[in-house]
Structure formats: C-alpha cells, structure tokens
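In terms of UniProt numbering, the sequence shown opens at residue 1 and continues consecutively. Positions of the beta carbon are idealized from the N, C-alpha and C atoms, including for glycine. To start, the structure itself, in structure tokens.
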Amino acid sequence: MKALVPSMQELLEAGVHFGHKVSRGNPKMQRYIYGVRDGVHIIDLAKSESELKIAVNYVYNLGKEGKVLLVVGTKKQAREIVESLAKEAGAAYITSRWVAGLLTNFDEIKKNLNKLTQLKKEQESGELKRYTKREQLLTARKIEKFEKELGGVAGLETLPDAIFIVDASTEDTAVREARRVEIPLVGFADTNVDPNVFDYPIPANDDGIKAIRIVCEAVIKAYGEGKKEESRVKNQESREVKVEEETSTALSEETEVLEEEIEKEVLDESKSKVE
C-alpha cells in the first residue's frame, strides 16, 4: 500500500494530542487519554497512530474494492480540506450541511440528485434560455442551492459503503443515520465524544486545522491510492483478456489455414489417384 501514516512526531507537531477540557470529556474516551495538562485532556498519540493505521488500511481496501466512501466535514475548519482531498481521491463528500434523510430516505434524496443533474445539463446546453429571465434566475438559484448542498454526492447511485466523519458532535445526525442503516463509520474521536459510535475510531483533535488536515490527508489519500490500485488491476485484467482474445483469434486463423491446406492436399491426392 502506497498510503503512509504520519509518525507520532508528525502527529505531535500537528497538535493531534490536544483534547477538550476535562469538564467536557466523555468517560468512554478514557482508554485513549494519556493524561491531563492545564485542565485539558491529552490524547495518547501511540494509540492515535495505531488506530489511524487500522483506519487507513480499511479505507485503502474500500478504494481497492471499488467501494464508495463518503466524507463528512461541515465545520468551518474542515470544509476546504475535505472538499479538496475528496475531489482528488474520487470520494463523495458533504461540506455545507448534512441533508436530513440522505441515508435513511435515500430514494427521495436521489430524486433531487437526478433533478440537479438534469438542471445542470439544461443550463450547460442553453435549454434554459427558452424560459423567461425570471424563471432562468430562479432556476439558477435552485441549481446553486442544490450544488452547495448536494454537489459532493451528485454521483451517488446507491448508499455509500462507509462514511468518514470529521466531528461526531457536529455531525450527530449523520452519525445517527449511518448507525440506523448500518453503514460503517470511520472518524475523529476527540475527548468529548463517544468513540463507540465508530467502527474505526481515530483518537484525535477535531478542532485544530493542522490536526484535521494531517488525519484527513492520511485517510482520504489512502482511499484514493486504493482506487488507483483498483484501476491498475482492472487495466491489467483488460490487457490480459485482450491478449487472450488475440491469441485465440490467431490460433483460430492458423487452424483454418491448416484445415484448408489439408483439404487441398486430400483433393490433390484424390485427383492424382483418379489420373
């Protein structure tokens, strides 16, 4: 696997170890806490590193198997990081606000996704010009709204196979929906959340920009590397099939030529006997 996990030193420099004030701590995070400094929980970076490795390996295999990862990061510090990395890796993403029912009422949300796709096609082809200026303006606003809320998931044909959550407390609705429809969750487990909501918790600061970036880069890029490997394997298989087909065709042609030669020899021999 090409995806790399940051070292403990890199995690330290990014501030991944800083948790919340002790008063805001979740008791279930105790196993991931190293200690307390100035009334703030300090996350055990050895455990952050080991759990991150597990999560990275999981999402890499998701990509390699051609499965869909949805990344959710709507808090201000995470939006640009998530969108940029998700686009690069080919992952679906939500950075505006969670659309209620995205997972639990996907069929209805899918209708809006299809509508967005259709409206964008009409806009790009110039078909909207047949409407009045007011109708065009209203449609443009509708496209902008849909794009902002659903643009990152416009390509979803089915429910995602896994979801990566940046902040479980901010994305509590997304977490509840995912648990309800039994979609595996990967995510930041800061000291104020219940890590048990995740199938793959990553003990980490979910507020600092550097911390968000270093963890997101490791996880989302791993997914992208997995997708590249899937593409490489598919191309290799395609080439092998092509070689087999070409070999089969060549053998078939050779067989036909041999059969024609044998038939000609038999005919010549028959003529010779007759003469």
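Run of the beta strand (DSSP E) containing residue i, from where it starts to where it stops
i, result
"Ala-140", "Taken as a continuous stretch (DSSP letters only), Ala-140 belongs to no beta strand (DSSP E), being part of the alpha helix (DSSP H) at 133–150."
"Asn-70", "The sequence shown places Leu at residue 70, not Asn. It spans 69–72 - the beta strand (DSSP E) in which Leu-70 sits, taken as one unbroken run."
"Val-36", "33–37"
Nonlocal neighbours in the same chain, by C-beta distance under 7 Å from residue i, ignoring five residues either side
i, result
"Leu-128", "Glu-122, Gln-136, Thr-139"
"Asp-206", "Val-166, Asp-167, Phe-188, Asp-190, Ile-212"
"His-41", "Gly-19, His-20, Val-22, Gly-25, Ile-33, Thr-191"
"Gly-224", "Gly-63, Glu-88, Ala-89, Gly-90"
"Pro-160", "Val-68, Leu-69, Leu-70, Ala-92, Ile-183"
"Ile-109", "Val-99, Gly-101, Leu-102"
Under 8 Å between C-beta atoms of residue i and residue j
i, j, result
"Leu-11", "Ile-143", "no"
"Ala-168", "Pro-184", "no"
"Thr-104", "Arg-180", "yes"
"Thr-158", "Gly-19", "no"
"Thr-74", "Glu-13", "no"
"Asn-196", "Phe-146", "no"
"Glu-182", "Leu-102", "no"
"Val-59", "Leu-69", "yes"
"Ile-209", "Gln-77", "yes"
"Asp-194", "Lys-28", "yes"
"Cys-216", "Val-82", "yes"
"Val-16", "Ala-222", "no"
Cβ shell of residue i (< 8 Å), same chain only, five flanking positions each side left out
i, result
"Ala-86", "Val-71, Ala-92, Tyr-93, Gly-152, Ile-220"
"Gly-117", "Note that residue 117 is Thr in the sequence shown, not Gly. Ala-154, listed in sequence order."
"Val-36", "Val-22, Ile-42"
"Arg-134", "none"
"Lys-115", "Phe-146"
"Lys-148", "Ser-96"
Bridge partners - residue i, DSSP secondary structure assignment
i, result
"Ala-162", "Leu-69"
"Val-40", "Lys-21, Arg-37"
Cβ neighbours of residue i in the same chain (closer than 6 Å, five flanking residues each side left out)
i, result
"Lys-47", "Tyr-32, Pro-203"
"Met-8", "Leu-45, Glu-49"
"Ala-174", "Val-72, Trp-98"
"Arg-79", "Thr-95"
"Lys-64", "Gly-226, Glu-229, Glu-230"
"Gly-39", "Lys-21, Val-22"
"Leu-119", "Ile-143"
Segment limits, alpha helix (DSSP H) that includes residue i
i, result
"Leu-45", "45–64"
Check: residue i C-beta below 7 Å from any heavy atom of the ligand PLP
i, result
"Glu-263", "The ligand PLP is absent from the structure shown, which contains no ligand whatsoever."
Within-8 Å CB hit, residue i to chain C
i, result
"Glu-263", "Among the chains of the structure shown, chain C does not appear; only one protein chain is present."
Query raised in the report: At what residue ranges does the region 176–215 contain a whole run of the beta strand (DSSP E), taking only runs of 3 or more?
Result: 185–189, 200–203
Query raised in the report: Could you give the uninterrupted runs of the alpha helix (DSSP H) lying entirely in the region 3–31, keeping only those of 4 residues or more?
Result: 8–13
Query - Contiguous beta strand (DSSP E) assignments of at least 3 residues, all confined to the region 71–116 - result: 92–94
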